[in-house]
Amino acid sequence: MDADTALPPDDVLAQVVDVHCHPTDSPTPGDQMDALKIKVCAMATQAHDQSKVRKLAETYPDKVIPCFGWHPWFSHFISLSDRPVSKEEHYRAVLLSDESSDAYTDAFNQVVKWLPEPTPLSSLLSELRTNLTAFPNSLLGEVGLDRSFRIPFQPYGTPPPRRLSPLTVPVEHQIALVEAQIDLAVGLGRSISFHSVKAQNITVDFLDRMKKKHGRDWLKVNIDLHSCGLSAETWTRVEKLHPNAYISLSQLINQRSPAHESLIRACSPTRILAESDYHDISSTTKYTWNIVATIASLRGWRVEERWDAIELEKPEAEWGVVRRLQQNWQAFVSGSAEIAPRETKAESHRSRRLNAAAYTADEDWDSEGSAEIVYPAATG
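Here you go:
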């Protein structure tokens with residue numbers, strides 16, 4: 000469903016949550032925020048936008064759920080060392096190895112000129128704790144793992160197109176950063192918006208390890224694999240092993256590939272959410288609603304045309320897509336998988352029947368063909 004879908008009445012839109020977007024990556028005019036009907040989860044990604052997300056949430060507390068954290072695209076900015084290190088020493092240790100070719104070394108010498116002084120992990124975690132504590136409704140995000148991105152030759156904020164260097168951030172460094180952030184989130188009871196690109200198996204292993212590491216505390220938070228690119232088969236396994244795992248889908252990312260259809264059909268009706276993953280608040284509503292309509296079509300759920308007492312009195316079997324996604328969101332932010340809604344046996348059977356002929360076992364479009372996302376200016 001690539002074309003825009005007509006928006007529903009405002010009272011229906013008011014029940015919709017865009018669970019992952021980047022409104023602070025662009026100017027956010029007050030009139031557009033005032034006109035916003037849906038709620039949005041505003042993601043932070045690096046040093047400069049943590050305060051922007053905080054200010055947006057303070058200004059529009061009824062419309063913005065603030066999300067704080069460091070995106071893997073900026074993970075090389077973080078020093079894991081307990082001792083002070085120079086800029087050159089830090090980036091050389093993260094981005095080069097003894098086996099690095101001359102081409103990689105030449106690229107490093109160009110890139111390191113504009114890279115910022117490294118931020119100690121301890122400083123990041125201190126700020127993160129302050130922000131998450133200040134907002135009881137906040138989430139950890141955007142954090143995660145990405146094996147596809149390459150560091151650009153020009154500074155972040157340079158207008159596209161930017162040339163990409165061959166330099167990447169080792170997944171071990173990314174894991175150390177995201178694990179430290181998740182450890183903090185689990186301790187504070189904050190759920191997580193998780194980015195995973197070209198990291199399907201690594202992500203699955205990471206979730207399994209977090210479950211083992213945190214035990215029952217792991218079930219006190221929920222984790223959303225945003226713009227999820229896992230194969231339907233892999234997601235089905237994750238869903239069974241992790242009752243606190245959800246997926247959210249976006250038009251802009253997931254509809255690049257037909258794999259999203261089998262994923263939507265395979266997912267439990269109680270573990271699916273909708274997002275825009277967009278950087279401009281003026282378009283988050285339409286992109287979120289487009290994927291809501293796609294979910295409704297693929298799941299065979301009706302789309303509500305009003306939100307009144309008659310609609311709210313309908314039995315669960317007659318709920319429309321907005322009511323179902325609203326209930327999923329409320330379960331997600333409850334912070335406890337133990338009280339999350341469970342699908343009935345009939346719903347479970349229907350989920351598997353819808354998906355039975357839809358997916359191929361090893362499908363993983365995200366790992367094989369996803370293009371780099373280029374947000375304007377700040378995010379890169």
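Sequence positions in the sequence shown follow numbering that gives the first Met the number 0 and run 0 to 379. Cβ coordinates follow ideal geometry from the N, Cα and C atoms, glycine included.
Distance, residue j Cα to residue i Cα
i: residue 86; j: residue 182; result: 27 Å
i: residue 69; j: residue 308; result: 42 Å
i: residue 104; j: residue 167; result: 12 Å
i: residue 151; j: residue 163; result: 4 Å
i: residue 335; j: residue 191; result: 12 Å
i: residue 128; j: residue 184; result: 8 Å
i: residue 304; j: residue 314; result: 17 Å
i: residue 145; j: residue 6; result: 34 Å
i: residue 331; j: residue 262; result: 19 Å
i: residue 226; j: residue 99; result: 33 Å
i: residue 29; j: residue 281; result: 11 Å
i: residue 119; j: residue 264; result: 43 Å
i: residue 188; j: residue 200; result: 26 Å
i: residue 9; j: residue 306; result: 9 Å
i: residue 310; j: residue 324; result: 15 Å
i: residue 137; j: residue 101; result: 45 Å
i: residue 95; j: residue 43; result: 28 Å
i: residue 160; j: residue 149; result: 14 Å
i: residue 231; j: residue 88; result: 42 Å
i: residue 198; j: residue 298; result: 27 Å
Cβ-based neighbour list, residue i, same chain, cut-off 7 Å, excluding 5 preceding and 5 following
i: residue 175; result: 79
i: residue 123; result: 69, 77
i: residue 115; result: 76
i: residue 287; result: 15, 17, 37, 273, 274, 275
i: residue 241; result: 206, 210
i: residue 319; result: 300, 301, 302, 303
i: residue 53; result: 65, 130
i: residue 213; result: 185
i: residue 236; result: none
i: residue 217; result: 185, 209, 210, 243
i: residue 126; result: 49
i: residue 74; result: 168, 172, 173, 176
Per-residue DSSP class, three states only, for residue i
i: residue 244; result: strand
i: residue 64; result: strand
i: residue 186; result: helix
i: residue 193; result: strand
i: residue 139; result: strand
i: residue 84; result: coil
i: residue 77; result: strand
i: residue 230; result: coil
i: residue 145; result: strand
i: residue 8; result: coil
i: residue 249; result: strand
i: residue 176; result: helix
i: residue 347; result: A caution first: residue 347 carries a pLDDT of 48, below 50, which makes its placement in the model too unreliable to give a value.
i: residue 163; result: strand
i: residue 71; result: helix
i: residue 354; result: Note on residue 354: pLDDT 40, under 50, position unreliable in the model; no value is reported.
i: residue 340; result: Since pLDDT at residue 340 reaches only 44, below the 50 mark, its modelled position is unreliable, and no value is offered.
Bounding residues of the beta strand (DSSP E) (the contiguous stretch that carries residue i)
i: residue 272; result: 271-274
i: residue 38; result: 38-42
i: residue 17; result: 16-20
Run of the alpha helix (DSSP H) containing residue i, from where it starts to where it stops
i: residue 222; result: Run containing residue 222: none in the alpha helix (DSSP H); it sits in the beta strand (DSSP E), 222-224.
i: residue 212; result: 199-213
i: residue 415; result: Examination of residue 415 is not possible in this model, given that the chain is present from 0 through 379 alone.
i: residue 382; result: Residue 382 lies beyond the residue range present for the chain, which begins at 0 and ends at 379; the question has no answer from this structure.
i: residue 47; result: 46-58
i: residue 298; result: 280-298
i: residue 104; result: 101-110
i: residue 308; result: 308-311
i: residue 29; result: 29-34
i: residue 330; result: 320-332
Anticipated Cβ contact below 8 Å, residue i with residue j, distance rounded
i: residue 12; j: residue 36; result: 4 Å
i: residue 249; j: residue 196; result: Residue 249 to residue 196, Cβ: 13 Å. No contact.
i: residue 278; j: residue 21; result: 4 Å
i: residue 289; j: residue 3; result: 6 Å
Contacts around residue i, its chain only, beta-carbon distance under 6 Å, and the 5 residues preceding and following it disregarded
i: residue 142; result: 68, 177, 180
Short CB-CB distance (under 8 Å) between residue i and chain C
i: residue 170; result: The structure shown contains no chain C; it holds only a single protein chain.
Spatial neighbours of residue i in its chain, beta-carbon cut-off 8 Å, leaving aside the 5 residues before and after
i: residue 295; result: 301, 302, 319, 320
heavy atom of the ligand HEM below 7 Å from residue i C-beta
i: residue 185; result: Within the structure as shown, the ligand HEM is missing, as the structure has no ligands at all.
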